[in-house]
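Residue numbers (my numbering): 21 to 576.
Written out below as structure tokens is the structure these notes cover.
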Amino acid sequence: MRDPIINIIKNAVIDCKGKGLLSIETIPPIILEKPRREEFGDFSTNAAMLIAPKEGKAPRKVAEIILNKVVDTTGIIKKFEIAGPGFINIFIDEGHWRNVLKEIVLLNEKFGRLTIGKGKKIQVEFVSANPTGPLHIGHGRGAAVGDTLANILDAAGFEVIREYYINDRGRQIFILGQSVFLCYLRLLGRNVAFPEDFYKGEYIKDIAEEFLTKHGDKYKNVQLGFPECLHEFIDFSMRTILSWIERDIKDFGVDFDVWYSEKTLFDRKLVDKTISELKSKGVIYGNDGATWFRTTGFGDDKDRVLIKNDGSFTYFASDIAYHREKIERGFDTIIDIWGADHHGYESRIRAVLKALGYDDNILKIIFIQLVSLLRNGVPVPMGKREGEFVTLRQVIDEVGRDACRFFFLMRKSDAHLEFDLELAKKQAPENPVFYIQYAHARIANIIKHAEEKGMALPTHNDIDLSLLNQNEEMSIIKTLASFPDIIKDCALSLEPHRLTFYLQELAAIFHPYYNKNRVVSNDIPLSKARLFLCIAVKTVIKNGLSLLKVSAPEVM
RNA sequence: GCGCCUGUAGCUCAGUUGGACAGAGCAACUGCCUUCUAAGCAGUGGGUCAGGGGUUCGAAUCCCUUCAGGCGCGCCA
Numbered sequence: 021m022r023d024p025i026i027n028i029i030k031n032a033v034i035d036c037k038g039k040g041l042l043s044i045e046t047i048p049p050i051i052l053e054k055p056r057r058e059e060f061g062d063f064s065t066n067a068a069m070l071i072a073p074k075e076g077k078a079p080r081k082v083a084e085i086i087l088n089k090v091v092d093t094t095g096i097i098k099k100f101e102i103a104g105p106g107f108i109n110i111f112i113d114e115g116h117w118r119n120v121l122k123e124i125v126l127l128n129e130k131f132g133r134l135t136i137g138k139g140k141k142i143q144v145e146f147v148s149a150n151p152t153g154p155l156h157i158g159h160g161r162g163a164a165v166g167d168t169l170a171n172i173l174d175a176a177g178f179e180v181i182r183e184y185y186i187n188d189r190g191r192q193i194f195i196l197g198q199s200v201f202l203c204y205l206r207l208l209g210r211n212v213a214f215p216e217d218f219y220k221g222e223y224i225k226d227i228a229e230e231f232l233t234k235h236g237d238k239y240k241n242v243q244l245g246f247p248e249c250l251h252e253f254i255d256f257s258m259r260t261i262l263s264w265i266e267r268d269i270k271d272f273g274v275d276f277d278v279w280y281s282e283k284t285l286f287d288r289k290l291v292d293k294t295i296s297e298l299k300s301k302g303v304i305y306g307n308d309g310a311t312w313f314r315t316t317g318f319g320d321d322k323d324r325v326l327i328k329n330d331g332s333f334t335y336f337a338s339d340i341a342y343h344r345e346k347i348e349r350g351f352d353t354i355i356d357i358w359g360a361d362h363h364g365y366e367s368r369i370r371a372v373l374k375a376l377g378y379d380d381n382i383l384k385i386i387f388i389q390l391v392s393l394l395r396n397g398v399p400v401p402m403g404k405r406e407g408e409f410v411t412l413r414q415v416i417d418e419v420g421r422d423a424c425r426f427f428f429l430m431r432k433s434d435a436h437l438e439f440d441l442e443l444a445k446k447q448a449p450e451n452p453v454f455y456i457q458y459a460h461a462r463i464a465n466i467i468k469h470a471e472e473k474g475m476a477l478p479t480h481n482d483i484d485l486s487l488l489n490q491n492e493e494m495s496i497i498k499t500l501a502s503f504p505d506i507i508k509d510c511a512l513s514l515e516p517h518r519l520t521f522y523l524q525e526l527a528a529i530f531h532p533y534y535n536k537n538r539v540v541s542n543d544i545p546l547s548k549a550r551l552f553l554c555i556a557v558k559t560v561i562k563n564g565l566s567l568l569k570v571s572a573p574e575v576m
């Protein structure tokens, strides 16, 4: 609906220019916005105010000149008004608004699907937690944001790949294997010391016990240090943890297209290849026995090590190969979702892309701020000691997947999030998940009631939508009609949280409407019209929730 | 010290990318069920948009600066 209106305004301006009524050289982009207040119409534009200074005329006068030449080619505009300092307010014909309901019911689950991303490939890489421990709630937030964003981009027409990067080699994995190994020996009664930087969580013991069950005590008397069997421990531990991660991810409703192994980058010599490519560009140098990448030449604070002086590679070395791979795979946009504590990493990754000759705008990074859990208004302690953190699993088990996903999306991702466990569990309207789902279930019940009374469900030809003439009804219709715009905004700004706000708003106008008006009554035509409205509301709630992967119950 | 993020109602946060008198949900008070789900609704109070300066016809939004909080500044991830 927006674009045709923009064109009408634009054509009027062009016409004015052609007739010498306006002398501007270039026409500013015409921006339509939805005014905050209803009396200002359905859309408004500040075009006249932008043009006015260049014309040396008053904005309202310019608006008048433009409106004199405006031709409504769509036939959906009721009137134009000049208001305030020079806004042009646009009022859409109500009949046209009502027809949106037919579109919604007709398109059903496809309402809200767009084509703006058509032909473009986007990769969203998220979670990517090291397989050295179970997923915690911070990962959960990243998963909710990444997966929902991917769903939204998909709805917007992009081809989306969801990817998890597994750090399945390197020092941390090695320490994991060592930790389990030592724990195994302890279980067998050997008195071994645990170094400071080893993993100590309860889960290490779980893995060690599992190892013991499967493989017995055959390594009971091996030498400490780096015995042959260590590789077996490393492999076993990592596989075990990965299986937990996969299970938690799946139960959280996320389905990755690709699990990308860091190790394969080395197996395929891509790390070496990337480094030699950089070398050929003259941005690599040796110092103190290490190999450095001159990232400062590309906006970073300091240069970074790729190969340590003990010959081992830093994670940064594989990251550059990985990001090079991402681009080589032909994505138009790559989105990395990182914990906010990694923000210092951004400039060095951008440096890589620039050094390799790519436009680093292709990379978008979303930072996920910390989550603090509250129970009865009191923060749940976590992260104090090693191994003492709240896992994603615990939260899913306690509050359920629906509330968990929704709550992670109630704030924009780079803001701290307070997650109230009691609120998330509450089956009451102050819980926004409940409130939205309840609107859906309520409508399902109305439909059921209508059917029980023998009322045939309304169809497109069998309905008089002009009976929906109350303010509340128009405002519901307009909110429903804006759903595709919300999807577009979320997709372009990469901010999925806007969807949760939208759904709360929709539920918040439906409930009062329900309370005030009877849908199914003896007035059959009116009942059908209202039922039709309700079906449209139900459809949009369901479509919105499904992007969040939150269920839309028929009965509550 | 340098860099990034944050600062909006008592609390938790939105704010359409610079627009029209600053919004919502909690919490607090006051009301509403012989009707399709009261698991709901209606009403009331509540603000120096951290402070100061600047740009602009117009600023919570952009620039500078001060203050407060968080994070980062490793041949860790």
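For every residue, glycine included, the Cβ atom is placed at its ideal position computed from N, Cα and C.
Environment of residue i [buried if 16+ CB atoms lie within 10 Å]
i	result
PRO151	buried
ALA32	buried
LEU477	exposed
HIS480	exposed
ASP255	exposed
HIS436	exposed
MET258	buried
LYS270	exposed
LYS346	buried
GLY153	buried
GLU493	buried
ALA213	exposed
PHE231	buried
HIS362	exposed
VAL453	buried
Coarse secondary structure for residue i, derived from DSSP in three states
i	result
ASP352	coil
SER296	helix
PRO399	strand
HIS156	strand
ILE51	coil
GLU345	helix
ARG161	helix
LYS301	coil
LYS384	strand
SER64	strand
THR411	strand
GLN15	Any property of residue 15 remains undetermined from this structure, which presents the chain solely from 21 to 576.
GLY273	coil
ILE483	coil
Close-in-space but distant-in-sequence residues of the same chain around residue i (CB under 8 angstroms, 5 per side omitted)
i	result
THR168	ARG425, LEU429, PRO516, LEU519, LEU567, LEU568 and LYS569
ARG118	LEU485, SER486, LEU488 and ILE497
LEU551	ILE466, ILE467, ALA470, MET475, LEU477, PRO478, VAL539 and VAL540
ILE601	Residue coverage of the chain in this structure runs from 21 to 576, which leaves residue 601 outside it and unanswerable.
ASP509	GLU515 and ARG518
Residues bridged to residue i (per DSSP)
i	result
ILE463	According to DSSP, ILE463 bridges with nothing at all.
GLN490	The partner list for GLN490 (beta bridge, DSSP) is empty, contrary to what the question assumes.
ALA103	PHE107
GLU438	SER392
ASN307	ALA310
SER281	ILE186
ARG324	PHE313
Integer Cβ distance of residue i from residue j, believed to fall under 8 angstroms
i	j	result
ALA163	VAL91	Not quite, the Cβ-Cβ distance comes to about 51 angstroms (not below 8 angstroms), so this is no contact.
ILE136	ALA176	5 angstroms
TYR280	ILE355	Rounded, the Cβ-Cβ distance is 14 angstroms, inconsistent with contact.
LEU42	LEU553	43 angstroms between Cβ atoms; not a contact.
LYS30	ILE50	5 angstroms
GLU450	ARG395	Not a contact, Cβ separation roughly 16 angstroms.
Close beta carbons around residue i, own chain, < 7 angstroms, minus the five adjacent residues each side
i	result
HIS156	PHE409, VAL410, THR411 and LEU412
GLY61	PRO55, GLU101, ASN109, ILE110 and PHE111
PRO24	THR94
ALA68	PRO79, VAL82, ALA83, ILE86, GLY106 and ILE108
LYS301	ALA375
VAL391	ILE157, GLY158, ARG161, LEU437 and PHE439
ALA461	PRO573, GLU574, VAL575 and MET576
VAL180	ILE142, VAL144, ALA170, LEU173 and ASP174
ALA149	LEU155, HIS159 and ILE265
Nonlocal neighbours in the same chain, by C-beta distance under 6 angstroms from residue i, ignoring five residues either side
i	result
SER199	PHE218, TYR219 and ILE224
GLY166	VAL144, PHE146 and ILE357
THR311	LEU326 and ILE327
ILE96	ILE112, ASP113 and HIS116
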